[in-house]
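Colleague: Below is one structure. I have some questions about it.
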Ligand code: NAP
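Residue numbers (this note's numbering): 251 to 748.
Here you go:
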């Protein structure tokens, strides 16, 4: 177990970070000298002030990506694979620094940040291994008169826009397959948590990623900087992770250039507990699916549906477990729950809780912001939440578990699917046939059966309905950065044997 960080360790890490924009392999200030303050959500105080990109800086970043694209696409797969493998090793070697940085800028407990370093780094290793397996096919046309050569080409310069909730993994999940495929990139990280991306860019430069392949432009003016890039015909791909509301607007913008898009958007995950479930496993799974990342995850269990026969027992156990969860700054070794990311997020969570109570829900635990520094909120359980309550319709993004009871499997499926979102669902049951029926009936991109976590770099992550389009991770993830080119070849025997 590593020693808890001291204020001196924190200060040393922060003072070692690059604070500029990373464009064309060099660090530079914003063209207008503008800056952006990165805040520690556990204190509300500024951690570091960094450069904030302008639209001109965005254009320079795309210029650099475009200039690097042709040579990068021609590199040997093994060369790109080796860069990714070295990046995996370098991030793993600096796991303590990455974990501390994420805890400082995003708030989650250090143990969870270490988990994210392992998860985020694994995309580098996974796609390092996939790089050499990009291939096409060769076939004879059905009528025998020609040959069909199908090859894969990198899509080209890509823009990535990422959220604040997983500062490392949401970036590596895009950057690693793009490097594998031979694409160059511009990354615009979330304004709340850009520091991890800056450290990651530095690590990639150290392990030999050529200048211009990755350009990183934190900014306080997201739309003004990315809008012109999305409208620029040299950009070939937009990959976005964030809210459905912003995703919808970006899809509309991208339509002007018929730009290829991948969208990892919001969720409203049901977690269903049946009477026949192993309740210990179900409570463990609910804790993980609800409180991992402080509930600030697209995969967070947003609605806990419990069958009538076990509702009382399950609720009592969940309340006890959530009551025992220590709320503290993420650097405190006792911390199981850090602050929410900012005051706006905390206010939204509290509004959803108070309006659910006004709608008739009962407060079984918590239900209040915690006084003092930072944006902490009590672990909260609500029971008897009516179907029309906003808390069951919107992403909560906080440590709040709304419990709803149901009587039959058909009712559970109907309730689970009653949402425009379709990212993930979880169910706990000992009946394998029921588990398989749910896997077929639930309208989601991912389904966890007797588990509260599905994220895995070797698996395709993504949603259906308004949770998005495209997949990240798995053998599928690299396809987002490849396009298919078909070459028709005349019949080599048309003129007889030579
Ligand atoms: P968000 O508000 O949609 O922001 C996401 C990113 O988009 C940030 O970098 C943000 O920049 C940028 N952005 C905002 N408005 C923009 C605009 N008009 N033009 C271009 N970029 C813009 O989401 P968030 O609050 O950061 O993250 C939480 C959301 O992400 C949740 O809905 C969650 O479910 C979703 N999420 C989904 C997945 C998934 O894989 N499906 C994974 C993680 C999170 P600023 O930081 O400057 O606002």
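In this text, a Cβ means the ideal position worked out from N, Cα and C, and glycines have one as well.
Do three or more CB pairs link the stretch 549 to 558 to the stretch 358 to 377 at distances below 8 Å?
Modeller: Not touching, per the Cβ criterion.
Colleague: Would residue 550 be called buried (16 or more neighbouring beta carbons within 10 Å of its own) or exposed?
Modeller: Residue 550 sits at position 300 when you count from the first residue of the chain shown. Classification for residue 550: buried.
Colleague: Could you tell me if the beta carbon of residue 496 falls within a distance shorter than 7 Å of some heavy atom in ligand 1?
Modeller: Position 246 of the chain shown, counted from the first residue, corresponds to residue 496. Yes, the beta carbon of residue 496 sits closer than 7 Å to at least one heavy atom of ligand 1.
Colleague: Which one of 608, 620, 587 has the shortest CA to CA distance from residue 597?
Modeller: Here residue 597 corresponds to residue number 347 of the chain shown, with the count starting at 1. The candidate whose alpha carbon is nearest that of residue 597 is 620.
Colleague: Under 8 Å Cβ to Cβ from residue 643, same chain only, skipping five residues before and after it: list those, please.
Modeller: In the chain shown, residue 643 corresponds to position 393, counting from 1. These residues qualify, in order along the chain: 518, 669.
Colleague: Under the rule that 16 or more other beta-carbon atoms within 10 Å means buried, what is residue 638, buried or exposed?
Modeller: As a first step, residue 638 is located in the chain shown; it is residue number 388 there, counting from the start. Residue 638 is exposed by the Cβ-count criterion.
Colleague: Pair every Cβ in the stretch 484 to 491 with every Cβ in the stretch 445 to 457, then say whether three or more of these pairs are closer than 8 Å.
Modeller: The stretch 484 to 491 vs the stretch 445 to 457: no contact.
Colleague: Using 7 Å as the cut-off, classify the Cβ of residue 542 as near or not near the heavy atoms of ligand 1, replying yes or no.
Modeller: Within the chain shown, the letter at position 292 stands for residue 542. Every heavy atom of ligand 1 is 7 Å or more from the Cβ of residue 542, so no.
Colleague: Using DSSP with H/G/I as helix, E/B as strand and the rest coil, what is residue 683?
Modeller: To locate residue 683, count along the chain shown from 1; it is residue 433. Three-state result, residue 683: helix.
Colleague: Measuring straight from C-alpha to C-alpha, what distance separates residue 521 and residue 536?
Modeller: Working through the chain shown from its first residue, we reach residue 521 at position 271. Working through the chain shown from its first residue, we reach residue 536 at position 286. Approximately 7 Å between the Cα atoms of the pair.
Colleague: From the DSSP output, in three-state form, read off residue 586 for me.
Modeller: Here the question's residue 586 lines up with position 336 in the chain shown. Three-state DSSP puts residue 586 in coil, outside helix and strand.
Colleague: Counting along the chain, where does the beta strand (DSSP E) carrying residue 351 start and finish?
Modeller: Numbered from 1 along the chain shown, position 101 holds the residue referred to as residue 351. Where residue 351 is concerned, there is no enclosing beta strand (DSSP E), although the alpha helix (DSSP H) it sits in stretches over 345 to 356.
Colleague: Under 8 Å by Cβ, that's how I've got residue 718 and residue 497 pegged, so tell me the actual separation to the nearest angstrom.
Modeller: Start at 1 with the first residue of the chain shown, and residue 718 comes out as number 468. Start at 1 with the first residue of the chain shown, and residue 497 comes out as number 247. Rounded, the Cβ-Cβ distance is 7 Å, consistent with contact.
Colleague: Hey, is the stretch 470 to 481 in contact with the stretch 318 to 331, meaning 3+ C-beta pairs nearer than 8 Å?
Modeller: Segments in contact, no.
Colleague: When the distance is taken between beta carbons, is residue 278 closer than 8 Å to residue 528?
Modeller: Numbered from its first residue, the chain shown carries residue 528 at position 278. Numbered from its first residue, the chain shown carries residue 278 at position 28. No; because the gap between Cβ atoms is not below 8 Å, this pair is not in contact.
Colleague: Since residue 728 contacts residue 430 with CB under 8 Å, what's their CB separation in whole angstroms?
Modeller: Here residue 728 corresponds to residue number 478 of the chain shown, with the count starting at 1. Here residue 430 corresponds to residue number 180 of the chain shown, with the count starting at 1. With 8 Å as the limit, residue 728 and residue 430 qualify as a contact, their Cβ atoms being about 6 Å apart.
Colleague: Could you pull out every residue in the same chain whose Cβ sits closer than 7 Å to the Cβ of residue 270, ignoring the five residues on either side in sequence?
Modeller: Counting from 1 along the chain shown, the entry for residue 270 is found at position 20. Within the same chain, residue 270 has close Cβ partners 277, 278, 279, 301.
Colleague: Where does residue 251 fall in DSSP's three states?
Modeller: Against the chain shown, residue 251 aligns to sequence position 1. Its pLDDT being 47, under 50, residue 251 is placed unreliably in this model, and the value from its coordinates should be taken loosely. If DSSP states are grouped into helix, strand and coil, residue 251 belongs with coil.
Colleague: Compare the Cα-Cα distances from residue 693 to each of 678, 677, 714 and report the closest residue.
Modeller: Residue numbering aside, residue 693 sits at position 443 when the chain shown is read from its first letter. Nearest option by C-alpha distance: 714.
Colleague: Just the Cα atoms here: how many angstroms apart are residue 298 and residue 287?
Modeller: Translated into positions along the chain shown, residue 298 becomes position 48. Translated into positions along the chain shown, residue 287 becomes position 37. Approximately 6 Å between the Cα atoms of the pair.
Colleague: Compute the minimum distance between the beta carbon of residue 730 and the heavy atoms of ligand 1, and state whether it is under 7 Å.
Modeller: In the chain shown, residue 730 corresponds to position 480, counting from 1. Incorrect: residue 730 has no Cβ contact closer than 7 Å to ligand 1.
Colleague: Is the beta carbon of residue 543 sitting closer than 8 Å to the one on residue 465?
Modeller: Start at 1 with the first residue of the chain shown, and residue 543 comes out as number 293. Start at 1 with the first residue of the chain shown, and residue 465 comes out as number 215. No. Outside cutoff.
Colleague: Using a Cβ-Cβ cutoff of less than 7 Å, which residues in the same chain neighbour residue 267 once the five nearest sequence positions on both sides are dropped?
Modeller: Reading the chain shown from its first residue, position 17 is the one you call residue 267. Result list for residue 267: 298, 445, 448, 449, in chain order.
Colleague: Counting pairs of Cβ atoms below 8 Å between the stretch 422 to 439 and the stretch 380 to 395, do you hit three or more?
Modeller: The stretch 422 to 439 is in contact with the stretch 380 to 395.
Colleague: For residue 404, decide whether its Cβ has a neighbour in chain C, counting only Cβ atoms nearer than 8 Å.
Modeller: No chain C is part of this structure, which consists of one protein chain only.
Colleague: What would DSSP say about residue 287, mapped onto helix, strand or coil?
Modeller: Position 37 of the chain shown, counted from the first residue, corresponds to residue 287. Strand at residue 287.
Colleague: Using DSSP with H/G/I as helix, E/B as strand and the rest coil, what is residue 301?
Modeller: By one-based count along the chain shown, residue 301 stands at place 51. If DSSP states are grouped into helix, strand and coil, residue 301 belongs with the strands.
Colleague: Counting beta carbon pairs with one atom in the stretch 301 to 311 and one in the stretch 474 to 483, are three or more of them shorter than 8 Å?
Modeller: Contact between the stretch 474 to 483 and the stretch 301 to 311 is present, because at least three Cβ pairs lie under 8 Å.
Colleague: Buried or exposed: residue 576, going by 16 or more other Cβ atoms within 10 Å of its Cβ?
Modeller: Looking up residue 576 in the chain shown gives position 326. Residue 576 should be labelled exposed.
Colleague: Just the C-alpha distance for residue 440 and residue 468, rounded to the nearest angstrom, thanks.
Modeller: Working through the chain shown from its first residue, we reach residue 440 at position 190. Working through the chain shown from its first residue, we reach residue 468 at position 218. Cα-Cα distance, rounded: 7 Å.
Colleague: Is residue 696 buried or exposed, if buried means 16 or more other CB atoms sit within 10 Å of its CB?
Modeller: Position 446 of the chain shown holds residue 696. Classification for residue 696: buried.
Colleague: Can you determine whether any heavy atom of ligand 1 sits closer than 7 Å to the C-beta of residue 499, and answer yes or no?
Modeller: The residue given as residue 499 occupies position 249 in the chain shown. Yes, Cβ of residue 499 sits closer than 7 Å to a heavy atom of ligand 1.
Colleague: Taking residue 433 as the reference, give the member of 685, 511, 732, 526 with the closest Cα.
Modeller: For the purposes of this step, residue 433 is taken as residue 183 along the chain shown, with counting starting at 1. Of the listed residues, the one whose Cα sits closest to residue 433 is 732.
Colleague: May I ask you to report which of helix, strand or coil DSSP gives residue 535?
Modeller: On the chain shown, position 285 is the one that residue 535 refers to. Residue state, collapsed to three classes: helix.
Colleague: In its own chain, which residues sit with a C-beta less than 7 Å from the C-beta of residue 337, not counting the 5 before and 5 after it?
Modeller: The count along the chain shown starts at 1 and reaches residue 337 at position 87. For residue 337, where only same-chain residues beyond five positions count, the Cβ hits under 7 Å are 374, 453, 454, 457.
Colleague: Taking the alpha-carbon of residue 568 as reference, which of 320, 540, 607, 500 has the nearest alpha-carbon?
Modeller: In the chain shown, counting from the first residue as 1, residue 568 sits at position 318. Residue 540 is the option with its Cα nearest to residue 568.
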